[in-house]
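Enquirer: Sharing a structure, written as structure tokens. Questions coming.
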Amino acid sequence: MKRIIIFLFLFVSLLFPAVHKHPEEKNNYGLCPVLAEPASKEFSYEYKGKKYYFCCQDCVEKFKKAPETYISRIKEIKIEAFQFGYLPEVIKVKKGDIVRIMLTTRDVPHGFMIKEYGIDVKVKKGEKKEFEFLADKKGEFDIICSVYCGKNHSKMKGKLIVE
Ligand SMILES: [Cu+2]
Numbered sequence: 001m002k003r004i005i006i007f008l009f010l011f012v013s014l015l016f017p018a019v020h021k022h023p024e025e026k027n028n029y030g031l032c033p034v035l036a037e038p039a040s041k042e043f044s045y046e047y048k049g050k051k052y053y054f055c056c057q058d059c060v061e062k063f064k065k066a067p068e069t070y071i072s073r074i075k076e077i078k079i080e081a082f083q084f085g086y087l088p089e090v091i092k093v094k095k096g097d098i099v100r101i102m103l104t105t106r107d108v109p110h111g112f113m114i115k116e117y118g119i120d121v122k123v124k125k126g127e128k129k130e131f132e133f134l135a136d137k138k139g140e141f142d143i144i145c146s147v148y149c150g151k152n153h154s155k156m157k158g159k160l161i162v163e
């Protein structure tokens, strides 16, 4: 009997971290559409069939008064990395926009790095990496590949333009 209990205990403790890991990874609610601070699952609001997450209840109330104003600052952009470039090559947004990138790769693993914004996301084939950042600096920024991906890796470039 004792052995069974020990076995069960070991089994459960082995299983538990695996179960626990998942929500942690998914614990990303992006940026609050109002203040562009990290959003939490505690403050959400559904609008036109879509759920939005906020950093605080104040922001939910602000959003309710003028949803379109805040939604219009969210720029969703699908980017496909490939040997050796990005499609689209140029991303153009306005200062203050919340940029949501959905990154995939056509072939081998690639990176998506914008040094000035502290962004470095890596993607493997079959994966879709979604991340957000606030375009709070005006200018033109190079997007470079941070994973060695073949002979023209160093020429792999894209551009972020923040107007
Ligand atoms: Cu690459």
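Everything in the sequence shown is counted per our numbering, starting at 1 for the first residue and increasing by one.
Cβ coordinates follow ideal geometry from the N, Cα and C atoms, glycine included.
Can you list the residues near ligand 1, meaning Cβ strictly closer than 5 Å to any non-hydrogen atom, in the order they appear in the chain?
Expert: His-110, Cys-145, Cys-149, Met-156
Enquirer: Flag this pair as yes or no: are the beta carbons of Phe-133 and Val-99 separated by less than 7 Å?
Expert: In this structure, Val-99 lies closer than 7 Å to Phe-133 by Cβ.
Enquirer: Expressed to the nearest angstrom, what Euclidean distance is found between the alpha-carbon atoms of Lys-21 and Tyr-53?
Expert: Residue placement at Lys-21 is flagged as unreliable, the pLDDT there being 42, under the threshold of 50; a coordinate-derived value is accordingly withheld.
Enquirer: Under 7 Å, do Ile-79 and Leu-103 count as touching if we go by C-beta distance?
Expert: yes
Enquirer: Have a look at Tyr-47, Leu-35, Leu-31, Lys-48 and flag the residue whose alpha-carbon is nearest the alpha-carbon of Lys-41.
Expert: When only C-alpha atoms are compared, the closest one is Leu-31.
Enquirer: Could you check how far apart the C-beta atoms of Ile-161 and Ile-91 are, in whole angstroms? I think they sit under 8 Å.
Expert: 7 Å
Enquirer: Using a Cβ-Cβ cutoff of less than 6 Å, which residues in the same chain neighbour Tyr-117 once the five nearest sequence positions on both sides are dropped?
Expert: Phe-133
Enquirer: Which residue from Gly-85, Tyr-47, Lys-48, Phe-43 puts its Cα closest to that of Gly-150?
Expert: Gly-85
Enquirer: Determine the direct distance from the alpha carbon of Lys-65 to that of Asp-107, and round the result to whole angstroms.
Expert: So the two alpha carbons sit approximately 44 Å from each other.
Enquirer: Which first and last residues belong to the beta strand (DSSP E) in which Glu-76 is found?
Expert: 74-82
Enquirer: Is Ala-18 helix, strand or coil when you go by DSSP?
Expert: For Ala-18, the predicted structure reports a pLDDT of 47, less than 50, and the residue's modelled location is therefore unreliable. A value from the coordinates is still provided. DSSP places Ala-18 in helix when its eight states are reduced to three.
Enquirer: Run the CB neighbour count on Pro-33, radius 10 Å, all protein chains shown included, and call it buried at 16 or more, exposed below.
Expert: buried
Enquirer: Check each candidate in Lys-159, Asp-136, Lys-129 and name the one with the smallest Cα separation from Asn-28.
Expert: Lys-129
Enquirer: With a threshold of 16 other CB atoms inside 10 Å of the CB of Asp-142, please say whether the residue is buried or exposed.
Expert: exposed
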